[in-house]
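Report on the following structure.
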Amino acid sequence: MIDKLNIIQQRFNELSDLIIQPDIISNQKKYIKISREYKDLKEIIDKKSEYELLISNINEAKEIIKEETDKEMIDFANSELEENKQKIYQIEEDLKFMLIPKDPDDSKNIVMELRAGTGGDEASIFAGDLFRMYSKYCEKKGWIVNIVDLNEGSAGGFKEIIIEVNGENVYGTLKYESGVHRVQRVPQTETQGRVHTSAATVMVLPEAEEFDVELDMQDVRIERTTSTGPGGQSVNTTYSAIKLHHEPSGIIVSCQDQKSQHKNLEKALKVLRTRLYELELSKKLQEDSEKRSLMVSSGDRSAKIRTYNYPQGRVTDHRINLTLYDLQNIINGDIDKLIEELKIAQNTELMKKENETF
């Protein structure tokens, strides 16, 4: 562990010099990248300083016990020694946790896509419930949610809705939400009171910045059309909706949320970069067998991850076998407990792997 901390200290010193260089400050891409790494490493360096102070205190106490003849001083040193030993154990555990390699995407904003799955109208209504749940959660966190594109269900909710979420450590928090969410309840259209099972798919992608993906606009065909759906006459009579066709990959992205064609194009390009970035990310995840073997996966979009059972008022996360009888609060945006337990489960696995190297 000491060797790893020394390597981090060396890198932190390099970053401290780089971050004040005029050529770095003037290059926004480099400056943002370096600033993020500097901020992450500073937390470890501060904890390292605490650790070194405790080691110094322990050595000093041992020296006093060894050389001092005054009983009162020896008793005091013994007391200090025990106290610092307890503290250093906790600091070591904290450092081991902090030294777990971080996903470099954790600090990024996200693009979240929610789609109705099996269950017809009820699936669309459920996709709408999930959208409201995430919107309320994001509001509590102080994050900003913007709708990119949507396709409303005929009985309410959404057949599909794409949003972007901007804030601090958004992907690191919400990446565990990717997968198939199931709902078990009596639909509004059910006349005999039978419980039906429906599903919606959630996909959480780290938003790609311009320096993450080289996008050649010659590969992109831009289609401008009038918007469809709610929004008034002005929406439907101006060519503000944007559809992007990325010829090499076959990816198609639409955005019609804004009245401004320019803003819709800007949002659509963000989503396109993110989709292209996801293709590269998926390749890396396939190559990384350790990541794929983790119990809490953030990459498998087809895995059934959670069930919301209304008759019993429970929510079950199948990845960690966690059941909470608090459905109403959860569906109203109180998902902190679920996310924290998922983080703990994954970090416990990662720490087991990492401890083998200490």
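Last residue of the sequence shown? That's 728 in the numbering used here, and every number before it is there in order.
Here a beta-carbon is modelled for each residue, glycine too, at the ideal position from N, C-alpha and C.
All of these numbers come straight from a predicted model, not from anything done at the bench.
Item	Value
Enclosing alpha helix (DSSP H) for K478 [first to last residue]	From DSSP, K478 is part of no alpha helix (DSSP H); its letter is neither H nor E.
Alpha-carbon to alpha-carbon, N397 and E617	31 Å
Per-residue DSSP class, three states only, for Y680	coil
With 16 other Cβ atoms within 10 Å as the buried cut-off, status of K418	buried
Cα-Cα separation between D387 and I404, rounded to whole angstroms	11 Å
Contacts around C625, its chain only, beta-carbon distance under 6 Å, and the 5 residues preceding and following it disregarded	V518, D519, I612, N634, K637 and A638
Contacts around N679, its chain only, beta-carbon distance under 6 Å, and the 5 residues preceding and following it disregarded	Q554
Alpha carbon of Q603 to alpha carbon of I531, nearest angstrom	Low local confidence applies: a pLDDT of 41 at Q603 is under 50, so the model's placement there is unreliable, with the coordinate-based value given in what follows. The alpha-carbon atoms of Q603 and I531 are separated by roughly 22 Å.
For K478 and N539, the rounded distance between their alpha carbons	6 Å
Nearest-angstrom Cβ-Cβ length linking V550 and G489, presumed shorter than 8 Å	About 11 Å separates the two Cβ atoms, so there is no contact after all.
K529 versus M482 - alpha carbon distance	14 Å
D499, buried or exposed, once every other Cβ within 10 Å from all chains shown has been counted against 16	buried
Start and end residues, alpha helix (DSSP H) containing I458	K441 to M468
Within the stretch 513 to 573, ranges of the beta strand (DSSP E) (whole runs, at least 3 residues)	514 to 522, 528 to 536 and 549 to 555
The alpha helix (DSSP H) enclosing I402, as first and last residue numbers	Q398 to E437
CA-to-CA distance, K412 to L465, given in whole angstroms	12 Å
Proximity to S568 [Cα-Cα], best of A497, D373 and M468	A497
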